[in-house]
Each structure stands twice: as C-alpha cells, then as structure tokens.
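So the protein lines, in turn, are chains A and B. Under the numbering used here, the letters of the first sequence match residues 7 to 240, in that order. Under the numbering used here, the letters of the second sequence match residues 7 to 240, in that order. Using N, Cα and C, we set each Cβ at its ideal position, and we do this for glycine too. Notes for the one structure printed next.
Number of protein chains: 2
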Amino acid sequence: MQTLLQFIHSHPVGGTFSKDDWGNNDFLGVTARIYKPHSVICRQDDNNDGIFIVKSGWALLYRGLLDGERQIIDTPLRGDIVGFRSVDGPRLASLASITELAVYEISSKKLVEAILSEGRLGKTIACSLARLNAILAEHLMNAGRRNAMSRTAHFLLELEERLSSVGLSAHGRYECPLTQHELADILGMTTVHLNRTLGELRKADLVAFRAGHVEVINRKKLVKTAGFDSEYLR
Amino acid sequence: MQTLLQFIHSHPVGGTFSKDDWGNNDFLGVTARIYKPHSVICRQDDNNDGIFIVKSGWALLYRGLLDGERQIIDTPLRGDIVGFRSVDGPRLASLASITELAVYEISSKKLVEAILSEGRLGKTIACSLARLNAILAEHLMNAGRRNAMSRTAHFLLELEERLSSVGLSAHGRYECPLTQHELADILGMTTVHLNRTLGELRKADLVAFRAGHVEVINRKKLVKTAGFDSEYLR
DNA sequence: CCCAAAAATTAACTTATGTTAGAGAACGCT
DNA sequence: AGCGTTCTCTAACATAAGTTAATTTTTGGG
Numbered sequence: 007m008q009t010l011l012q013f014i015h016s017h018p019v020g021g022t023f024s025k026d027d028w029g030n031n032d033f034l035g036v037t038a039r040i041y042k043p044h045s046v047i048c049r050q051d052d053n054n055d056g057i058f059i060v061k062s063g064w065a066l067l068y069r070g071l072l073d074g075e076r077q078i079i080d081t082p083l084r085g086d087i088v089g090f091r092s093v094d095g096p097r098l099a100s101l102a103s104i105t106e107l108a109v110y111e112i113s114s115k116k117l118v119e120a121i122l123s124e125g126r127l128g129k130t131i132a133c134s135l136a137r138l139n140a141i142l143a144e145h146l147m148n149a150g151r152r153n154a155m156s157r158t159a160h161f162l163l164e165l166e167e168r169l170s171s172v173g174l175s176a177h178g179r180y181e182c183p184l185t186q187h188e189l190a191d192i193l194g195m196t197t198v199h200l201n202r203t204l205g206e207l208r209k210a211d212l213v214a215f216r217a218g219h220v221e222v223i224n225r226k227k228l229v230k231t232a233g234f235d236s237e238y239l240r
Numbered sequence: 007m008q009t010l011l012q013f014i015h016s017h018p019v020g021g022t023f024s025k026d027d028w029g030n031n032d033f034l035g036v037t038a039r040i041y042k043p044h045s046v047i048c049r050q051d052d053n054n055d056g057i058f059i060v061k062s063g064w065a066l067l068y069r070g071l072l073d074g075e076r077q078i079i080d081t082p083l084r085g086d087i088v089g090f091r092s093v094d095g096p097r098l099a100s101l102a103s104i105t106e107l108a109v110y111e112i113s114s115k116k117l118v119e120a121i122l123s124e125g126r127l128g129k130t131i132a133c134s135l136a137r138l139n140a141i142l143a144e145h146l147m148n149a150g151r152r153n154a155m156s157r158t159a160h161f162l163l164e165l166e167e168r169l170s171s172v173g174l175s176a177h178g179r180y181e182c183p184l185t186q187h188e189l190a191d192i193l194g195m196t197t198v199h200l201n202r203t204l205g206e207l208r209k210a211d212l213v214a215f216r217a218g219h220v221e222v223i224n225r226k227k228l229v230k231t232a233g234f235d236s237e238y239l240r
C-alpha cells in the first residue's frame, strides 16, 4: 500500500506537498481509506474532526440549506485537502464520493501539531488553502456575474485545467463522471436549464459533454465565451 | 505608533494571532500604512507581492471581468488577511478602501520565510485562510441558492456577526459605509433590485439599512428568512 | 437479455431579476 | 448657502432562468 509520504511525494499538486513537509512525525495517525462510489464520507454538522486528502477519484463537497436544497462548494480532486477548519466545531460541509474514492485521513489535532513542529508543512497547507480560496472566489464570480452559458463553459475549462495538472486530461478531453444534476448543483442552476445550456454549447461547437466524457471542440471561442483565465489555478 | 505585534496581540481575530506567532523574526519588513477613503491599495494583475492585514476601516476585495463588470469577493475587516497566494504570480484581485483604511503590509516572501521558521505562524495563517474559505463557501451558497431577499438578509447578518466579534457592533446595530451599488456588487445583483429588496426588508420590519447605518429589527424572523447559522464564522 | 431506475431531453408556461430611464434626496465642495 | 455629483428610490418593460410535466435514452443489476 502506498503511504501518504509516497503519494504526496509523487503528486506535487494542490499544495505541492513534499517529503520534508512532514518532518520527523513520520505520518503518525494518517490512515489510507477507500470509499465506494456514491458513499457519504462525512456529514455537515458532524462532530468528528478528520481531514481528508484526496488520493484518487471524484468527490463532491456540498452544503445543505434548511429547505433541502444544496449547493456544491467544490469538486475536490487528486491532492486537494478537505475539511480543515479554523476552530474546533461541527463540520461545515458534507463530502460524498462519486466514483471510487481513495483518501488519506488525519485528525485535525494531529495535523495542527505537525504544522506547529514543522514550518514547511504549515506553508504547504497555507498555500493549498490559498489556492482553494482562489478557486472559490472564481466560483463566486461565476455565480454572481456570469450567465448560464459562460458559467458552464468556465467550469468545464476549470475542470480541464485542474485535471490536466494532475495528469488526468490531455488534448482537451477528459472523463467527467458528474451527472447533469450534479453539475447543475455546482453551477447553481436547474437541471433543465443546464441541459438547455449544454445543448447550446454543443450546437455552437464549443464543448461537448456527453456520456461522462468532455471534449473541448473550439478552445479559442470557448475561452472567450467563458472569460476564462487559468491564472487563478496556479 | 502601534506595532504589528501589539495589534495582533490585542485583536485575536481572523486567525487568532498571538505574539508567539512571529517568533524571533521581530516583524522585520512589516510596514504600517494608512490609505485615504476610496483609494486603490492594489490592483488585479499587478506583480507586486505584498500581503495586507487590515488594522481598521472598510475595504473591498474585488475581481473584474473582461466586460467591465466586477464581483466583490469579500469585505475584509479588522484582522483579516488579504492577498496571500499559493504561488508567485500576478494579483488575482484588487483591494480598495471605502473609509480610511489602516493596514499592515508585509512581502509575501518575508511572510513565507517567517512561516517556515515559526510553526505557530503557519498555523495562524492556515486557520485564517480556512475561515476565509468558510466565508467564501457561504457566499457561494448565497449566490447560488438563495433569492434576493434571503441573500441580502444573510449578508447583513454576517456583517453584524463579523463586526460584533471585533467590537464594532452591538445590540443589532452597526455602521456600514457601503453604498447600495457596492452592496449590490457584493450580492451579485443590480442596484435597482437591491433597492427593491432593502425596501421589502424594511417594510416587513426585519432590518433597516439607511444612511450608512444598519439596524436589526426582528432578529428571529430575519434569521429565519436568511437561513442564517453563524457557525461558519467561528 | 430484460427490466426497473436513473439520467437526459424537450415543451409550455411562470417568475424573479435585469434594463432603462428619470425624479427626488443627500452629500461634499468652495 | 449654493451647486454639482453621487446616491436613493420608483416605474414600466424585457428576459434569463425556474417550474412542471412528459418522453426518450441510458445505465446497471438480476
């Protein structure tokens, strides 16, 4: 079985983890786990304090409203950190797997201890969180200031970029196991309207999203309609 | 003049900074600055790498789209950190003062050096970023899944809570120098519609926002229409 | 290979929010 | 105190996106 050390060493993504980050703690308390597709890894409002680092697979991080609606906050991908909070307290969001999902788990307390004794780790985590910040800020732009078409285009380009940086996309093609319903939840719109929008994007020969597969057809036009600049993902 | 040390020590907000955080670095390279109202502190796409910690005053952190529209990402308040990036590169957002704004500035490189040598600082920054993440995630909920009325209600309650935690609000009242135009940019809607919405909130005796002053009138009903739970701000 | 369930698609209709335009109110100079 | 500028507020109208509902297609288990 691959250790967190090996994983982090071989996938310098999300926060560019490296061996030195963990100093002499030697990964005490880190557990590797595999979840089945469509299982709930942790629930909003729960009081356990585990933090997850995605090893492989697709997941959804989401928050529910009182009326039963939910908004997907992010789709954590390989190397991303999930569940780090500034203070003790219940979880702010739920995490569910879409595909089979492999993660490393570590308790919040252990991680904080490790950060305190090893400056490099603190830097790594801070950088990873700063990147997540940038992604969330861009999603906020999407939700607030872009229409359905450019919003959808923008997110499909973001996914391509993020997947490509971890070796899961090439030549404008990638596998995306999200249903239209899930994608609509991410983009803060209705399934029906997303479907209309995907149709338009296809008809305009910009991107095609069918059967779990995304294909960028006319990148130049797509980037333009999306108003996409990948800088925020660096 | 107050030093960053003293400030951070006396305002354990945002990331609960404390004296030890800075170890033996003794705040080298930290500058205190004061900006006039309505000045631009830093610009999106600029290449300087300064990081700001807000000491007092109101500011807007925003990102512009190509078509000239902008989305306000956050309103950094006392104790908040602005501008930390995961990698070198141009700024992702602009920062502008609304009122007179006092900040501490430190170069990104210096801050990273300090983090590397002092674990506590890394923890502090990471926690502060985690809190900002939670705030952005909640704004995303707002933009994606709440209508104009609950969105507005939610943000006014958030401001109250954040200001209250730094001693700038009490008894459901606080000063808020934002114009309706700025508030609309934050909430991702038009000035006209925000105006309508504020009118409704006033007529329903939930909150009143007039002349730079906010007053919560019926908290219980307001919290309910907003679907507000302050946990994410802790 | 078939069937049930889930996902995608389309259509008709409704509604929340955007747009444009203008008038009144407040603010900040000089 | 006056005057221009920036805010606030309203109204009439336009439209993107939501709702409901039904049909077709795909998927996965037995």
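Subject >> Buried or exposed by the 16-neighbour rule on C-beta atoms within 10 Å, applied to Y72(B) >> reply: Here residue 72(B) is Leu; the residue named in the question, Tyr, does not match the sequence. Counting Cβ neighbours within 10 Å, L72(B) comes out exposed, since fewer than 16 surround it.
**OP:** Go ahead and pull the three-state DSSP assignment for G128(A).
**Re:** Of the three classes helix, strand and coil, the one that applies to G128(A) here is helix, per DSSP.
Original post:
So is S113(B) in contact with chain A if we call contact Cβ pairs under 8 Å?
Top reply: No, because no Cβ of chain A sits closer than 8 Å to the Cβ of S113(B).
Subject >> Contact the stretch 127-144 of chain B vs the stretch 125-143 of chain A: 3+ CB pairs below 8 Å >> reply: With contact defined as three or more Cβ pairs closer than 8 Å, the stretch 127-144 of chain B and the stretch 125-143 of chain A are in contact.
Original post:
If you compare alpha carbons, which of G125(A), L163(A), Y41(A), I87(A) is closest to R137(A)?
Top reply: Measuring from the Cα of R137(A), the nearest candidate turns out to be I87(A).
**OP:** Rank R76(B), S103(B), L193(B), N201(B) by C-alpha distance to the C-alpha of L165(B) and give the top, closest one.
**Re:** The option with the nearest alpha carbon to L165(B) is L193(B).
Subject >> Chain-ordered chain B contacts of S134(A) [CB-CB under 8 Å] >> reply: What S134(A) touches in chain B: S92.
Original post:
Comparing alpha-carbon positions, which option in A154(A), L163(A), P183(A), S236(A) lies nearest L200(A)?
Top reply: The shortest Cα separation from L200(A) among A154(A), L163(A), P183(A), S236(A) belongs to A154(A).
Subject >> Of the listed residues S236(A), H187(A), R202(A), nearest to H160(A) (C-alpha basis) >> reply: Considering only alpha carbons, the answer is S236(A).
Original post:
Considering only the beta carbon of each residue, do C48(B) and G89(B) sit closer than 8 Å?
Top reply: Cβ atoms of C48(B) and G89(B): closer than 8 Å.
**OP:** For chain B, find out if any of its Cβ atoms is closer than 8 Å to the Cβ of Y180(A); answer yes or no.
**Re:** So, not an interface residue.
**OP:** Run the proximity test for I112(B): is its beta-carbon closer than 7 Å to any non-hydrogen atom belonging to the ligand FMN?
**Re:** The ligand FMN is not part of the structure shown, which contains no ligands of any sort.
Original post:
Just curious, the beta strand (DSSP E) that I104(B) is in, first and last residue?
Top reply: It is not in any beta strand (DSSP E) - I104(B) carries neither H nor E in the DSSP assignment.
**OP:** Look up C133(A) in the DSSP assignment and give the residues it is bridged to.
**Re:** In DSSP, C133(A) forms no bridge with anything.
**OP:** Under the assumption that L107(B) contacts Y41(B) (Cβ atoms under 8 Å), give the Cβ distance between them as a whole number of angstroms.
**Re:** With a contact defined as Cβ atoms closer than 8 Å, L107(B) and Y41(B) qualify at about 5 Å.
Original post:
Taking the beta strand (DSSP E) that K61(B) falls in, what are its first and last residues?
Top reply: In the DSSP assignment, K61(B) falls within the beta strand (DSSP E) that extends over 56-62.
**OP:** Please check if any C-beta of chain A sits within less than 8 Å of the C-beta of Q77(B).
**Re:** Yes, Q77(B) lies at the interface with chain A (some Cβ there is under 8 Å from its Cβ).
Original post:
Roughly how many whole angstroms lie between the Cα atoms of G205(A) and R157(A)?
Top reply: For G205(A) and R157(A), the distance between alpha carbons rounds to 14 Å.
Original post:
For a contact meaning CB atoms closer than 7 Å, what does H145(B) contact in chain A?
Top reply: Near H145(B) (Cβ distances below 7 Å), the residues of chain A are L146.
Original post:
Run through DSSP, which three-state label would R76(B) get?
Top reply: In the three-state DSSP reduction, R76(B) falls in the strand class (E or B).
Subject >> Proximal residues, the stretch 118-130 of chain B versus chain A, C-beta separation under 8 Å >> reply: Along the stretch 118-130 of chain B, going in chain order, the ones with a CB nearer than 8 Å to a CB of chain A are V118, I121, L122, S123, E124, G125, R126, L127, G128, K129.
Subject >> Residues bridged to R216(B) [DSSP beta-bridge criterion] >> reply: Answer is H219(B).
Subject >> R208(B) versus Q186(B) - alpha carbon distance >> reply: Rounded to whole angstroms, R208(B) to Q186(B) spans 14 Å at the Cα level.
Original post:
In chain order, what residues of the same chain have a beta carbon less than 7 Å from the beta carbon of P82(A), not counting five sequence neighbours either side?
Top reply: Closer than 7 Å at the Cβ level, and outside the excluded window around P82(A), lie V60, A65, L67, V88.
**OP:** Pick out whichever of D52(B), V93(B), G63(B), Y180(B) has its Cα sitting closest to the Cα of A132(A).
**Re:** Out of D52(B), V93(B), G63(B), Y180(B), V93(B) has the C-alpha closest to the C-alpha of A132(A).
**OP:** Kindly say whether N30(B), judged by its beta-carbon, lies nearer than 8 Å to any beta-carbon of chain A.
**Re:** Reliability fails at N30(B), whose pLDDT of 45 lies under 50, so the model's placement of it is uncertain and no value is given.
**OP:** With DSSP as the reference, label A38(A) as helix, strand or coil.
**Re:** For A38(A), the three-state secondary structure derived from DSSP is strand.
Subject >> For G70(B): DSSP bridge partner residues >> reply: Under DSSP, G70(B) shares a beta bridge with R76(B).
Original post:
What is the residue span of the alpha helix (DSSP H) that E119(A) lies within?
Top reply: For E119(A), the enclosing alpha helix (DSSP H) begins and ends at 114-123.
**OP:** Return the CA-CA distance between K115(A) and S45(A), expressed in angstroms with no decimal places.
**Re:** Rounded to the nearest angstrom, the two C-alpha atoms are 25 Å apart.
Subject >> Where the alpha helix (DSSP H) through R49(A) begins and ends >> reply: Counting along the chain, R49(A) falls outside any alpha helix (DSSP H), and DSSP gives it neither H nor E.
Subject >> P96(A) at chain B interface by Cβ criterion, 8 Å >> reply: With 8 Å as the cut-off, P96(A) counts as an interface residue toward chain B.
Subject >> Per-residue burial, A232(A) [other beta carbons within 10 Å of its own, 16 or more giving buried] >> reply: Burial state of A232(A) is buried, judged by a 10 Å Cβ sphere holding 16 or more other Cβ atoms.
**OP:** Write down the C-beta distance between M147(A) and R91(B) rounded to the nearest angstrom, noting that I regard them as a contact closer than 8 Å.
**Re:** The Cβ separation is near 17 Å, so there is no contact.
Subject >> Helix, strand or coil at V93(A) [DSSP, three-state] >> reply: Coil at V93(A), not helix or strand.
**OP:** Have a look at F58(B) and G85(B) and give me their C-alpha separation to the nearest angstrom.
**Re:** Computed Cα separation, rounded: 10 Å.
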